[in-house]
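Enquirer: The following block contains the structure, expressed as C-alpha cells.
Numbering (our numbering), first residue to last: 1 to 310.
Have a look at this one:
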C-alpha cells in the first residue's frame, strides 16, 4: 500500500509517496508557529497582487496553498494535491481557471505541473473541469468528495489521474441512519471503494483509486490491495506499531473476471444527475463536504484578511 497523508511533522517518519492539502488542513496547520513563515510569505505576495482586498485575499490563499505544497514536495518523492476553492464546485469554467492559476503559481516557485494534482469536488461541473484540465492542458486531477460509483464512473471517463473515494464519511452516514455499528468486512465505505476498484479494473481504466477518510485501521486493512490510500498520522501510527498480518483483499486480476456491466455518464448530464440523486447518502455527504471545505476556506481567508490589513 502507498500511504498519502498530509502532515508536515509526520512526513519524515512515515516516508509517504505523496501528500495532500486542503483548506481544512491548512487552517489547522496555520495555527502552529512553525508555519508562520509560510503565511508571512503568502501575505507578502497577496499584498502585491489584486486591486481590491478580496482579490488580495484570494491571491494570498492560492499562494499559501502553493507554499505548503512546495514545502511538502521537498520531503516526498511524489506529488502533492492542492485543492480548488470549494465555492467553485458548481462552476466548470471557474474551476479550470483557478486550477491553471495554481499550476502557474507552482511553476513560479520552480515546481513542475507533473508534481501537482489539482483536487476538485466530484460534482458534475467538477468532473467536467477535470476532463478539460486533463485533455486540454495536461494537468492531472484528483477528484475528491466521492461517495458513489456514479461519480467514479464519470471521473474515469473524464480521464482523471486519481480519485479519492471516501470511506469513513460513508460509514458515519450509515451508522447514524441505521443506528448500528459495522464490522470492517461489512463497512459500507469499504464496500463502496471495493466496488469502484473492481469496476475500474474490470473495464481497464487507468485512473488511480485512492481510498480516503478512514475511521479505524480495520477499514484500511480491508482495502489492502487498493491502488493508494491516504491515511491520517494517528492511524499511520497505529499501523506503524501493529504486527498483525495484512493480507491482500482487493485484486485487479480477480476483478477482471467479474460480471460488471459498463455504464456511461460523461456526456449525459441528465442521467448522471438522476442516478446520483438516487443515492441519498452520496447526495448528503457531497453537499456536507463542499460546505465544510468552503466554510474552512472562508475562515482561513478571514485570518489572511486580517494579516493583509495589519
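The beta carbon of each residue, even a glycine, is placed where N, CA and C say it ideally should be.
Using the rule of at least 16 other Cβ atoms within 10 Å of the residue's Cβ for burial, across every protein chain shown, is residue 34 buried or exposed?
Expert: Taking the chain shown and counting its residues from 1, one reaches residue 34 at position 34. Flag for residue 34 reads exposed.
Enquirer: Can you round the beta-carbon distance between residue 50 and residue 40 to whole angstroms, since I take them to be within the 8 Å contact cut?
Expert: As a working note, residue 50 is residue 50 in the chain shown. As a working note, residue 40 is residue 40 in the chain shown. With a Cβ gap of about 18 Å, residue 50 and residue 40 do not count as contacting.
Enquirer: Report the CB separation of residue 266 from residue 157 in whole angstroms; it is logged as a contact under 8 Å.
Expert: The residue given as residue 266 occupies position 266 in the chain shown. The residue given as residue 157 occupies position 157 in the chain shown. Their Cβ separation, rounded to whole angstroms, is 4 Å, which keeps residue 266 and residue 157 in contact under 8 Å.
Enquirer: Could you tell me whether the Cβ atoms of residue 166 and residue 147 are closer together than 9 Å?
Expert: Translated into the one-based positions of the chain shown, residue 166 becomes position 166. Translated into the one-based positions of the chain shown, residue 147 becomes position 147. For residue 166 and residue 147, yes; Cβs fall inside 9 Å.
Enquirer: Smallest Cα separation from residue 310: which of 43, 14, 19?
Expert: Residue mapping note: residue 310 aligns to position 310 of the chain shown, counting from 1. If we check each option's Cα against that of residue 310, 43 comes out closest.
Enquirer: For residue 199, which residues in the same chain have their Cβ closer than 6 Å to its Cβ, ignoring the five residues on either side in sequence?
Expert: Within the chain shown, residue 199 is the residue found at index 199, counting from 1. Correct list, in chain order: 260.
Enquirer: Return the chain-ordered ranges of every alpha helix (DSSP H) run that is complete within the region 222-289 and spans a minimum of 4 residues.
Expert: As far as the region 222-289 is concerned, its whole alpha helix (DSSP H) runs of at least 4 residues are 233-241, 252-256, 269-277.
Enquirer: I believe residue 72 touches residue 96 by the beta-carbon criterion, under 8 Å. Please report the beta-carbon distance rounded to the nearest angstrom.
Expert: Locating residue 72 in the chain shown gives position 72, where the first residue counts as 1. Locating residue 96 in the chain shown gives position 96, where the first residue counts as 1. That pair is no contact at about 24 Å.
Enquirer: Quick check: the Cα distance between residue 295 and residue 226, rounded to an integer number of angstroms?
Expert: Numbered from 1 along the chain shown, position 295 holds the residue referred to as residue 295. Numbered from 1 along the chain shown, position 226 holds the residue referred to as residue 226. Taking the straight line joining both Cα atoms gives about 31 Å.
Enquirer: Within its chain, find whatever has a CB closer than 6 Å to the CB of residue 174; leave out the 5 residues flanking it on each side and keep chain order.
Expert: Position 174 of the chain shown, counted from the start, is the residue given in the question as residue 174. If we look at residue 174 and ignore the five residues flanking it on each side, its Cβ neighbours are 188.
Enquirer: Quick test of your reading: residue 139 and residue 86, contact by CB under 8 Å. State the CB separation rounded to the nearest angstrom.
Expert: Numbered from its first residue, the chain shown carries residue 139 at position 139. Numbered from its first residue, the chain shown carries residue 86 at position 86. No, residue 139 and residue 86 are not in contact; Cβ-Cβ is about 18 Å, not under 8 Å.
Enquirer: Using CA atoms only, rank isn't needed, just tell me which of 92, 94, 81 is closest to residue 113.
Expert: Counting from one through the chain shown, the residue named residue 113 turns up at place 113. With distances taken between Cα atoms, residue 113 lies closest to 81.
Enquirer: Just curious, the beta strand (DSSP E) that residue 317 is in, first and last residue?
Expert: Shown here, the chain extends from 1 to 310; a query on residue 317 therefore has no answer.
Enquirer: Per DSSP, which one or two residues make a beta bridge with residue 184?
Expert: Against the chain shown, residue 184 aligns to sequence position 184. None, per the DSSP bridge assignment.
Enquirer: Which one or two residues does DSSP pair with residue 165 in a beta bridge?
Expert: For this step, residue 165 is matched to residue 165 along the chain shown. According to DSSP, which records beta bridges pairwise, residue 165 is partnered with 146.
Enquirer: What would DSSP say about residue 108, mapped onto helix, strand or coil?
Expert: In the chain shown, counting from the first residue as 1, residue 108 sits at position 108. Residue 108 falls in the helix class under three-state DSSP.
Enquirer: Can you tell me whether residue 270 is buried or exposed? The criterion is at least 16 other CB atoms within 10 Å of its CB, across all chains shown.
Expert: Looking up residue 270 in the chain shown gives position 270. Exposed: under 16 other Cβ atoms inside 10 Å.
Enquirer: Which residues mark the beginning and the end of the beta strand (DSSP E) in which residue 84 is found?
Expert: Residue numbering aside, residue 84 sits at position 84 when the chain shown is read from its first letter. Unbroken run through residue 84: none, as it is neither H nor E.
Enquirer: For residue 52, name the three-state secondary structure that DSSP assigns.
Expert: Reading the chain shown from its first residue, position 52 is the one you call residue 52. The answer is coil: DSSP assigns residue 52 none of H, G, I, E or B.
Enquirer: Based on the DSSP output, what are the partners of residue 211 in its beta bridges?
Expert: Within the chain shown, numbered from 1, the residue matching residue 211 stands at position 211. According to DSSP, residue 211 bridges with 229.
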